[in-house]
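Asker: Letter by letter, the sequence shown follows residues 1 to 415 in UniProt numbering.
Beta carbons: idealized from backbone N, C-alpha and C, even for Gly.
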Amino acid sequence: MGKGGLWETYPSTKYELKKWKCYMKYFGSKLNITFSCFIWSLIVNTDRLIIQKVYLLVKMESSRFFAIPNRSVPNMYTCLLAIGNVDYICQVSQNPLYFEGEPKLIELLKGKEKYLQKELERSPSIDSFCERIIHFISKLTPSKLITQFQPPSAFFRRILEEIKEIGWDLVSKIDPTLTYIEVSLSDDSGRKINIRFDLDIIFPRVAPKVNANIPIPVQFEWDPMSSHLVHIVELHKKAIQNFQQFWKQMDDLDKNSFVIEPREPSLSCCMRRIVLTNLVQLQIEISPKRPNSIPRVLFFGAEQPSKELRNKFMAQSNQWRLNRSIRKNIESILELKLPLQDDDDLAQTDFDCGICYCERLGAELPEIVCEKCSKRFHRSCLLEWLRTRPNAEQSFQVVFGTCPFCDAPIQCTVN
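1. If you draw a straight line from the C-alpha of residue 301 to the C-alpha of residue 261, how long is it?
2. From the DSSP secondary-structure annotation, give me the bridge partner or partners of residue 93.
3. State yes or no: is the C-beta of residue 233 within less than 8 Å of the C-beta of residue 183?
4. Within its chain, find whatever has a CB closer than 6 Å to the CB of residue 393; leave out the 5 residues flanking it on each side and keep chain order.
5. Please confirm if the stretch 301–319 is in contact with the stretch 240–253, defined as three or more CB-CB distances below 8 Å between the two stretches.
6. Would you mind reading off the limits of the beta strand (DSSP E) that contains residue 381?
7. What is the DSSP secondary structure of residue 395, counted as helix, strand or coil?
8. Have a look at residue 309 and residue 359 and give me their C-alpha separation to the nearest angstrom.
9. Spatial neighbours of residue 321 within its chain, please: C-beta separation below 7 Å, excluding the five flanking residues on both sides.
10. Given a threshold of 16 other Cβ atoms within 10 Å of its Cβ, counted over all protein chains shown, does residue 139 qualify as buried or as exposed?
11. Taking one C-beta from the stretch 201–211 and one from the stretch 220–230 each time, how about it: are there three or more such pairs within less than 8 Å?
12. Any idea what DSSP makes of residue 116, helix, strand or coil?
13. Count the other C-beta atoms from every protein chain shown that fall within 10 angstroms of the C-beta of residue 377, then say buried if there are 16 or more, exposed otherwise.
14. Straight-line CA distance for residue 163 to residue 172?
15. Assign residue 74 to buried or exposed, taking buried as 16 or more other Cβ atoms, counted over all protein chains shown, within 10 Å of its Cβ.
16. What residues match up with residue 411 in a beta bridge as DSSP calls it?
17. Sort 367, 373, 231, 340 by Cα distance to residue 283 and report the nearest one.
18. Which partner residues of residue 353 appear in the DSSP bridge assignment?
19. Could you have a look at residue 315 and say whether DSSP puts it in helix, strand or coil?
20. Please identify the residue among 342, 79, 72 whose C-alpha is closest to the C-alpha of residue 125.
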């Protein structure tokens with residue numbers, strides 16, 4: 001059985017499958033019963049969205065069972081069994097004899113392997129086998145049955161209608177219980193925007209929780225009588241158009257400067273930390289609503305070079321032009337060319353902390369640079385080191401001492 005693309009949809013289930021899976025011995029060399037964590041969304045070699053549609057239809061029609069033939073494995077069927085208010089999922093084949101079920105079904109049938117073998121052998125069809133299994137499980141004692149609350153059929157009917165309005169082609173992920181749906185949109189530049197809807201079992205009486213990888217959450221009003229998920233999707237489409245200039249500015253910085261933070265920026269990230277020189281770094285926070293305006297900036301690095309560039313930026317910020325990119329404005333105001341990641345002058349620069357020898361310490365980057373030897377330090381590492389030195393002195397919130405490498409004067413703020 002191949003894994004297929006469905007592993008990417010529910011990555012956590014791969015661990016569960018490994019955790020639960022164990023193979024039973026052949027019964028008379030005929031029956032192979034596999035105990036595994038089997039989730040209907042992992043039905044192998046079957047179109048995921050078709051399965052999801054059938055699953056919803058089964059719930060709506062209140063059928064006792066539904067058998068779906070596997071398109072690439074001969075004689076293999078995926079069976080959805082409705083017993084009371086609980087659904088069970090299994091894969092069945094009569095040639096060769098094979099049975100695979102999800103944990104709650106296997107728990108019910110534990111110790112009944114011989115019964116399963118006999119039923120598979122004597123049942124004239126898969127439908128007949130499903131009927132027999134449903135009848136058998138229904139007779140189990142109440143203490144043996146696994147009870148599980150499931151939303152009413154009206155919930156599934158409403159979700160099906162919502163998805164039809166949005167379009168099945170836009171649905172990228174969906175939970176087996178329909179407690180969340182993820183919709184993927186793309187803009188003209190190929191950016192992928194994912195919108196996740198978390199749904200309560202009494203939806204639509206309760207508004208959905210919405211999360212998307214955009215810089216500002218979309219605001220919406222929810223009326224249980226008239227609101228639909230497709231309306232929220234349309235609002236996101238408009239927001240995507242409004243963020244085009246913001247993303248264009250971010251893309252320009254990513255392509256034409258040395259970005260050290262974040263390493264893998266998301267579409268919702270408004271910050272970039274770039275290298276100005278081998279001694280100074282600049283953190284930029286851009287407003288998604290006003291992406292061409294002057295951003296919030298913070299200078300990090302060696303004290304004197306950082307101070308000089310900070311003062312120059314403040315003194316010449318009136319030269320900022322809204323019709324230029326943020327990158328070009330910074331270059332013009334600071335009178336320098338932003339280096340690229342493969343810049344020869346920075347090729348030998350060590351961006352790791354000289355004390356812990358790591359670039360990252362949690363969320364902290366080495367932001368203090370010795371002006372003499374150019375060694376970098378995390379603020380917390382340098383502060384801890386200075387406090388162990390007998391010659392270090394503290395004045396208010398600043399600790400003064402010497403560089404661990406060259407003994408040049410160096411200072412570090414406490415906060």
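Answerer: Taking the definition as stated:
1. Indexing the sequence shown from 1 puts residue 301 at position 301. Indexing the sequence shown from 1 puts residue 261 at position 261. Approximately 15 Å between the Cα atoms of the pair.
2. The residue given as residue 93 occupies position 93 in the sequence shown. Looking at the DSSP assignment, residue 93 forms a beta bridge with 76, 98.
3. Start at 1 with the first residue of the sequence shown, and residue 233 comes out as number 233. Start at 1 with the first residue of the sequence shown, and residue 183 comes out as number 183. Yes. Within cutoff.
4. Here the question's residue 393 lines up with position 393 in the sequence shown. The residues are 400.
5. no
6. Here residue 381 refers to the residue found at position 381 of the sequence shown. That residue, residue 381, is in no beta strand (DSSP E); its alpha helix (DSSP H) goes 379–387.
7. Counted from its first residue, the sequence shown places residue 395 at position 395. It is a strand residue.
8. What you label residue 309 is simply residue 309 of the sequence shown in a count that begins at 1. What you label residue 359 is simply residue 359 of the sequence shown in a count that begins at 1. Distance between the alpha carbons of residue 309 and residue 359 is about 24 Å.
9. Counting from one through the sequence shown, the residue named residue 321 turns up at place 321. Counting only Cβ-Cβ distances below 7 Å, and skipping sequence neighbours, we find 329.
10. As a working note, residue 139 is residue 139 in the sequence shown. The residue is exposed, with fewer than 16 neighbouring Cβ atoms inside 10 Å.
11. yes
12. The count along the sequence shown starts at 1 and reaches residue 116 at position 116. Residue 116 falls in the helix class under three-state DSSP.
13. As a first step, residue 377 is located in the sequence shown; it is residue number 377 there, counting from the start. Residue 377 is buried by the Cβ-count criterion.
14. As a position in the sequence shown, residue 163 is number 163, starting the count at 1. As a position in the sequence shown, residue 172 is number 172, starting the count at 1. So the alpha carbons of these two residues sit roughly 11 Å apart.
15. Indexing the sequence shown from 1 puts residue 74 at position 74. Looking at its Cβ environment, which holds fewer than 16 other Cβ atoms inside 10 Å, residue 74 is exposed.
16. In the sequence shown, residue 411 corresponds to position 411, counting from 1. Bridge partners of residue 411: 400.
17. On the sequence shown, residue 283 is found 283 positions in, with the first residue counted as 1. The candidate whose alpha carbon is nearest that of residue 283 is 367.
18. Within the sequence shown, the letter at position 353 stands for residue 353. 376, per the DSSP bridge assignment.
19. Numbered from 1 along the sequence shown, position 315 holds the residue referred to as residue 315. Three-state DSSP puts residue 315 in a helix.
20. As a position in the sequence shown, residue 125 is number 125, starting the count at 1. Nearest C-alpha to residue 125: 79.
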